[in-house]
Amino acid sequence: MQSGDDDAIWLMQGWLFTYDPFWEPPQMKALLHSVPVGRMIVLDLYAEVKPVWINSDQFYGVPYIWCMLHNFAADFEMYGVLDAVASGPIDARLSENSTMVGVGMSMEGIEQNPIVYDLMSEMGFHHRQVDLQVWIETYPTRRYGKSVVGLQDAWRILHQTLYNCTDGKNKNRDVIVAFPDVEPFVIQTPGLYTRTSKNYSTMSSENSVVKDASNDAYDQPHIWYDTIAVIHALELFLEYGDEVSDSSTFRYDLVDLTRQALAKYANQIFLKIIQGYKSNNINQVTTLCERFLNLVKDLDVLLASHEGFLLGPWLESAKGLARSKEQEIQYEWNARTQITMWFDNTETKASANKYWSGLLRDYYGPRAAIYFKHLISSLKKNEPFALEEWRREWIGLTNNWQSDRKVFATTATGDALNISRSLYIKYLRNADSLGLDGMDSFGKPASL
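Each residue of the sequence shown is one higher than the last, beginning at 0 in numbering that gives the first Met the number 0.
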């Protein structure tokens, strides 16, 4: 590099130091010092969750940039670590022998969780830690253009719950968008199977086989907060929403918060379905499968009420880059594939899942319906779950959807506030039970 430019500086991601055990201090120091100090800058890529500078003696004297990663694959999940963002860059810069030279954002996707990026965008201009109590109190006024006490209270709750994740996890694995590609007995459910369980049967019949539960391929959805408190924040949004309903940013936040609450509710419906399957309760399974699918349809209607949650703009922007009909078809296929299944296998089937209107109605809902069809058939026939048939069908559905040319809306329809109120009454008003008795995790998770 320097043979072509005397002032060249190597910019290197520090991501490898966060997950690869090979990088002990001697190896890390040797790599960093292989370039003259001052000629390399390291991106501390995930510093808000896994800061490397703390355990590496400031990257052994090598300059670095404190980065917030926050989002993987542009997934939709109301999530953040606002306290770490408000203090982390300042702590790093003021630490002894600091080699920090800047702040940055390294997210894989944006256009979600605006509050996180609003705060991080300020951090390059602050010389002391941000007082988040004050910052949060004034945030809804800045965002909606009007001071509403009830919304200030709501955002205080959201800061303490959704935006206070401290366990190092943030991946959205909600069942609707990241549907499990496993047989039902792999899925652990409250009261039936524990995390320490080693063996289980794939079917309570003479054809049963035993598998090792340590090979569980089901990625449990992640909950780190009190869901009942979040529903209360939603209630405040609904109660005071008329005062700022003309604000597009308010409507975005309302739709997102309603989506978040309903998505977690859907996770619990799904676990109750699996409980019913394991107990051979076909009536429970049938009823709850129908409820799950109706919820997906209702969510699609909700998402259609704000342009920030539409599938159409994604597909139209891809097609707009084409210079021929052939390119248009290819670019649309690429765009559809990127948000569904990358390969005809189970390895990367939902890496960049999205809560977009159109996608739920035409893809996520039909995919879940196929799984439920095989669940019910298994119970009726007293046969093992037809895993391979399920896989063939959902992969076929995906391939067909990826190649389809259906045009989706690019403008919002419906009143977000009225739709949110209706869905709250239908699904969330009785949040203490939600019709799912015994589902402990739809409150504060017992494990937290």
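Built from N, CA and C at the ideal position, the CB exists for glycine as well.
Predicted model, so just to flag it, every value in this text is computed and none were measured.
Quick check on the DSSP output: the beta strand (DSSP E) that includes Ile-40 runs from which residue to which?
Position 41 of the sequence shown, counted from the start, is the residue given in the question as residue 40. Run containing Ile-40: 39-43, per the beta strand (DSSP E) assignment.
When you compare only the Cα positions, how much space is there between Trp-389 and Trp-52?
In the sequence shown, counting from the first residue as 1, residue 389 sits at position 390. In the sequence shown, counting from the first residue as 1, residue 52 sits at position 53. So the two alpha carbons sit approximately 47 Å from each other.
When the distance is taken between beta carbons, is Leu-359 closer than 7 Å to Val-300?
As a position in the sequence shown, residue 300 is number 301, starting the count at 1. As a position in the sequence shown, residue 359 is number 360, starting the count at 1. No. Outside cutoff.
When you measure from the CB of Met-0 to every non-hydrogen atom of the ligand FAD, does any distance come out below 6 Å?
Looking for the ligand FAD in the displayed structure turns up nothing, as the structure carries no ligands at all.
If the criterion is Cβ atoms closer than 7 Å, does the pair Gly-167 and Val-48 meet it?
Walking along the sequence shown from the start, residue 167 turns up at place 168. Walking along the sequence shown from the start, residue 48 turns up at place 49. Yes, Cβ-Cβ distance for Gly-167 and Val-48 is below 7 Å.
Using the Cα positions of Gly-103 and Ile-64, report the straight-line distance between them to the nearest angstrom.
For the purposes of this step, residue 103 is taken as the residue at position 104 of the sequence shown. For the purposes of this step, residue 64 is taken as the residue at position 65 of the sequence shown. The alpha-carbon atoms of Gly-103 and Ile-64 are separated by roughly 7 Å.
For my contact list, Pro-70 and Gln-12 are in at a C-beta cut-off of 8 Å; report their separation, rounded to the angstrom.
Position 71 of the sequence shown, counted from the first residue, corresponds to residue 70. Position 13 of the sequence shown, counted from the first residue, corresponds to residue 12. Per the sequence shown, residue 70 should be read as Asn rather than Pro. Not quite, the Cβ-Cβ distance comes to about 16 Å (not below 8 Å), so this is no contact.
If you reduce the DSSP assignment to three classes, tell me which class Gln-26 lands in.
The residue given as residue 26 occupies position 27 in the sequence shown. Gln-26: helix per DSSP, three-state reduction.
Nearest chain C C-beta to Ala-29 closer than 7 Å, yes or no?
Protein chains in the displayed structure number just one, and chain C is not present.
Contact between the stretch 253-264 and the stretch 418-425: three or more CB pairs below 8 Å?
As far as the Cβ criterion goes, the stretch 253-264 touches the stretch 418-425, which means the pair count is three or higher.
Can you grab the Cα-Cα spacing for the pair Thr-98 / Thr-410, in whole Å?
Counting from one through the sequence shown, the residue named residue 98 turns up at place 99. Counting from one through the sequence shown, the residue named residue 410 turns up at place 411. Answer to the nearest angstrom: the Cα atoms are 48 Å apart.
For Pro-220, is the classification buried or exposed, using 16 other Cβ atoms within 10 angstroms of its Cβ as the cut-off for buried?
Taking the sequence shown and counting its residues from 1, the one referred to as residue 220 is at position 221. Result: buried.
Of the residues Leu-396, Ile-369, Pro-88, which one's Cα is nearest the Cα of Leu-386?
What you label residue 386 is simply residue 387 of the sequence shown in a count that begins at 1. Per the Cα distances, Ile-369.
Under 8 Å by Cβ, that's how I've got Trp-223 and Cys-164 pegged, so tell me the actual separation to the nearest angstrom.
Locating residue 223 in the sequence shown gives position 224, counting from the first residue. Locating residue 164 in the sequence shown gives position 165, counting from the first residue. Their Cβ separation, rounded to whole angstroms, is 5 Å, which keeps Trp-223 and Cys-164 in contact under 8 Å.
How about Phe-291 and Ile-273: do their beta carbons lie closer than 7 Å?
Your numbering for residue 291 matches position 292 in the sequence shown. Your numbering for residue 273 matches position 274 in the sequence shown. For Phe-291 and Ile-273, no; Cβs fall outside 7 Å.
Of all the options Ser-350, Gly-37, Gln-329, Asn-282, which has the alpha carbon lying nearest to the alpha carbon of Ile-375?
If you number the sequence shown from 1, residue 375 lands on position 376. When only C-alpha atoms are compared, the closest one is Asn-282.
Can you have a look at Arg-366 and say buried or exposed, based on whether 16 or more other CB atoms are within 10 angstroms of its CB?
For the purposes of this step, residue 366 is taken as residue 367 along the sequence shown, with counting starting at 1. The residue in question, Arg-366, is buried, as its Cβ has 16 or more Cβ neighbours within 10 Å.
Between Arg-464 and Asp-130, what straight-line distance do the alpha-carbon atoms span, to the nearest angstrom?
Lying before the first or after the last residue shown, residue 464 is absent from the chain, which here runs from 0 to 447.
Starting from Ile-89 and walking both ways along the alpha helix (DSSP H), at which residues does that stretch end?
Taking the first residue of the sequence shown as position 1, residue 89 is located at position 90. Element bounds for Ile-89: 81-93.
Which two residues bound the contiguous alpha helix (DSSP H) that contains Met-119?
In the sequence shown, residue 119 corresponds to position 120, counting from 1. Taken as a continuous stretch (DSSP letters only), the alpha helix (DSSP H) holding Met-119 covers 113-121.
Could you check the C-alpha separation between Ile-40 and Leu-15 for me, to the nearest Å?
By one-based count along the sequence shown, residue 40 stands at place 41. By one-based count along the sequence shown, residue 15 stands at place 16. Rounded to the nearest angstrom, the two C-alpha atoms are 15 Å apart.
Among residues of its own chain, excluding the 5 on either side of Gln-1, which ones have a beta-carbon nearer than 7 Å to its beta-carbon?
Counted from its first residue, the sequence shown places residue 1 at position 2. If we look at Gln-1 and ignore the five residues flanking it on each side, its Cβ neighbours are Ala-7.
Relative to the C-alpha of Leu-302, which candidate in Thr-412, Gln-151, Tyr-162, Lys-318 has its C-alpha closest?
Your numbering for residue 302 matches position 303 in the sequence shown. For the residues Thr-412, Gln-151, Tyr-162, Lys-318, the minimum Cα distance to Leu-302 belongs to Thr-412.
Taking the C-alpha atoms as reference points, what is the distance between Val-148 and Gly-357?
Your numbering for residue 148 matches position 149 in the sequence shown. Your numbering for residue 357 matches position 358 in the sequence shown. For Val-148 and Gly-357, the distance between alpha carbons rounds to 35 Å.
If you check the beta carbons only, do Tyr-143 and Phe-308 fall under 7 Å apart?
Taking the sequence shown and counting its residues from 1, the one referred to as residue 143 is at position 144. Taking the sequence shown and counting its residues from 1, the one referred to as residue 308 is at position 309. No, Cβ-Cβ distance for Tyr-143 and Phe-308 is not below 7 Å.
Can you tell me which residues form a DSSP beta bridge with Met-99?
Counting from 1 along the sequence shown, the entry for residue 99 is found at position 100. Met-99 pairs with Tyr-63.
In three-state DSSP terms, what is Trp-9?
Within the sequence shown, numbered from 1, the residue matching residue 9 stands at position 10. Strand at Trp-9.
In chain order, which alpha helix (DSSP H) runs of at least 4 residues are fully inside the stretch 237-277?
Here the runs fully enclosed are 247-277.
Could you give the residue range of the alpha helix (DSSP H) that holds Arg-290?
Position 291 of the sequence shown holds residue 290. Unbroken alpha helix (DSSP H) run through Arg-290: 281-302.
Suppose the cutoff is 7 Å on Cβ atoms and the five residues either side in sequence are ignored; what does the same chain contact list for Arg-194 look like?
The count along the sequence shown starts at 1 and reaches residue 194 at position 195. For Arg-194, the predicted model reports a pLDDT of 29, less than 50, meaning its position is unreliable; a value from the coordinates is still stated below. Here the set comprises Gln-187.
Does DSSP put Met-202 in a helix, in a strand, or in coil?
The sequence position of residue 202 within the sequence shown is 203, counting from 1. Model confidence at Met-202 stands at a pLDDT of 34, short of 50, so the residue's coordinates are unreliable and nothing is read from them.
Any idea what DSSP makes of Asp-4, helix, strand or coil?
What you label residue 4 is simply residue 5 of the sequence shown in a count that begins at 1. Of the three classes helix, strand and coil, the one that applies to Asp-4 here is coil, per DSSP.
So is Arg-172 buried or exposed if we call it buried at 16+ other beta carbons inside 10 Å?
Your numbering for residue 172 matches position 173 in the sequence shown. Buried, because 16 or more other Cβ atoms sit within 10 Å of the Cβ of Arg-172.
Select from Trp-332, Met-340, Thr-257 the residue whose C-alpha is nearest the C-alpha of Ile-418.
As a working note, residue 418 is residue 419 in the sequence shown. Of the candidates Trp-332, Met-340, Thr-257, the one whose C-alpha sits nearest the C-alpha of Ile-418 is Thr-257.
Between Ile-230 and Leu-427, what straight-line distance do the alpha-carbon atoms span, to the nearest angstrom?
Along the sequence shown, read from residue 1 onward, the residue named residue 230 stands at position 231. Along the sequence shown, read from residue 1 onward, the residue named residue 427 stands at position 428. Approximately 8 Å, taken between the alpha carbons.
Mind reading off the beta-carbon distance from Leu-408 to Gly-311? Whole number of angstroms is fine, and I expect it under 8 Å.
The residue given as residue 408 occupies position 409 in the sequence shown. The residue given as residue 311 occupies position 312 in the sequence shown. Inspection of the sequence shows that residue 408 is occupied by Ala rather than by Leu. Sure, about 5 Å apart at Cβ, within 8 Å.
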